[in-house]
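All remarks here apply to the structure that follows.
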Amino acid sequence: EAGVTQSPTHLIKTRGQQATLRCSPISGHTSVYWYQQALGLGLQFLLWYDEGEERNRGNFPPRFSGRQFPNYSSELNVNALELEDSALYLCASSRGEVYGYTFGSGTRLTVV
Amino acid sequence: AQSVTQPDIHITVSEGASLELRCNYSYGATPYLFWYVQSPGQGLQLLLKYFSGDTLVQGIKGFEAEFKRSQSSFNLRKPSVHWSDAAEYFCAVYNTNAGKSTFGDGTTLTVKP
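From first to last, the protein sequence lines are chains W and Y. Residue 5 is where the first sequence starts when you use the numbering used here, and the numbers rise one by one after that. Residue 7 is where the second sequence starts when you use the numbering used here, and the numbers rise one by one after that.
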């Protein structure tokens, strides 16, 4: 089966611009999670979507937002980019809490 | 709130030697616990999980972990390390109420030839 796919692999943006990151979960997985992995800060929970609804969000400002589409793919939008938004953004999908996550390879966002 | 502590930031072992990576968690209810591995520039891969039953769980790549409720620990072990095991390892606890996993800060494993 195809894994979790994320696009683009790399993204370079200028401070103040907007970035859009995309994620396609494994077929049959309805939950999508977004995490930020910044250097020295570990994995920080951003957002959880399930069945098209936002179920929970982490301690991030409102300029981090997203959505989940009817086919369960998801989009993460980051507005008004700041230098400290530079990080690896990881998307994961799951078919249930006891099964753990399957992660994509991530999108490396660089803000200059 | 739940939390995960991985006390060792970096561990170096010789190829063929045994390995133990430590993980301590804080969570009020029975935890769902996971170990993941991340190779450079890649996403995380699930190694193994525990949510009930036998406290010694087997995972992929020859890894195992033991859940000890009394010590709030979930340490990862491997009897004989291979050079390809060099990576970063993350322990995580899933919060069923919040619907998210909290990850430790990771342990980087270096394998000496």
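We put the beta carbon where it would ideally sit given N, CA and C, even for glycine.
Member of the options whose CA lies at the smallest distance from the CA of residue i
i, options, result
"residue 112(W)", "61(W), 43(W), 103(W), 53(W)", "43(W)"
"residue 79(Y)", "106(Y), 39(Y), 48(Y), 91(Y)", "39(Y)"
"residue 81(Y)", "72(Y), 88(Y), 87(Y)", "72(Y)"
"residue 30(Y)", "22(Y), 41(Y), 20(Y)", "41(Y)"
"residue 80(W)", "6(W), 20(W), 40(W)", "40(W)"
"residue 19(Y)", "34(Y), 105(Y), 33(Y), 90(Y)", "90(Y)"
"residue 92(W)", "104(W), 114(W), 76(W)", "114(W)"
"residue 61(W)", "103(Y), 52(Y), 113(Y)", "103(Y)"
"residue 32(Y)", "86(Y), 8(Y), 117(Y), 60(Y)", "8(Y)"
"residue 34(W)", "94(W), 116(W), 74(W)", "74(W)"
"residue 56(Y)", "68(Y), 37(Y), 69(Y), 50(Y)", "37(Y)"
"residue 98(W)", "36(W), 108(W), 70(W), 17(W)", "36(W)"
"residue 47(W)", "117(Y), 62(Y), 106(Y), 116(Y)", "106(Y)"
Assigned exposure category for residue i - 16 Cβ within 10 Å defines buried
i, result
"residue 32(W)", "exposed"
"residue 99(Y)", "buried"
"residue 96(Y)", "buried"
"residue 84(Y)", "buried"
"residue 6(Y)", "Chain Y is shown from 7 up to 119; residue 6(Y) falls before or after that span and cannot be answered."
"residue 87(W)", "exposed"
"residue 72(W)", "buried"
"residue 29(W)", "buried"
"residue 44(Y)", "buried"
"residue 108(Y)", "buried"
"residue 12(W)", "exposed"
"residue 45(W)", "exposed"
"residue 12(Y)", "buried"
"residue 78(W)", "buried"
Contacts that residue i makes with chain W (C-beta to C-beta distance below 7 Å)
i, result
"residue 118(Y)", "Those within 7 Å of residue 118(Y) in chain W number zero; the least Cβ separation is about 25 Å."
"residue 64(Y)", "Within chain W, no residue comes near residue 64(Y); the closest Cβ sits about 14 Å away, beyond 7 Å."
"residue 57(Y)", "102"
Partners in chain Y for residue i, counting only beta-carbon separations shorter than 8 Å
i, result
"residue 59(W)", "105"
"residue 20(W)", "The premise fails here: residue 20(W) is roughly 27 Å from chain Y at the closest Cβ pair, so nothing lies under 8 Å."
9 Å Cβ cut-off: residues of chain Y touching residue i
i, result
"residue 107(W)", "42, 44, 48, 49, 50, 51, 52"
"residue 86(W)", "Residues of chain Y passing the Cβ test: none, with the nearest at roughly 23 Å."
Three-state class that DSSP yields for residue i in the structure shown
i, result
"residue 14(Y)", "coil"
"residue 77(Y)", "helix"
"residue 88(W)", "helix"
"residue 24(Y)", "coil"
"residue 55(W)", "coil"
Contact set between residue i and chain W, taken where Cβ atoms lie within less than 8 Å
i, result
"residue 69(Y)", "Under the 8 Å cutoff, chain W gives no residues; its nearest Cβ is about 14 Å from residue 69(Y)."
"residue 102(Y)", "101"
Neighbouring residues, chain W, relative to residue i (Cβ below 9 Å)
i, result
"residue 112(Y)", "46, 47"
Chain-ordered chain Y contacts of residue i [CB-CB under 7 Å]
i, result
"residue 32(W)", "Within 7 Å Cβ-Cβ: nothing; residue 32(W) doesn't reach chain Y, min ~16 Å."
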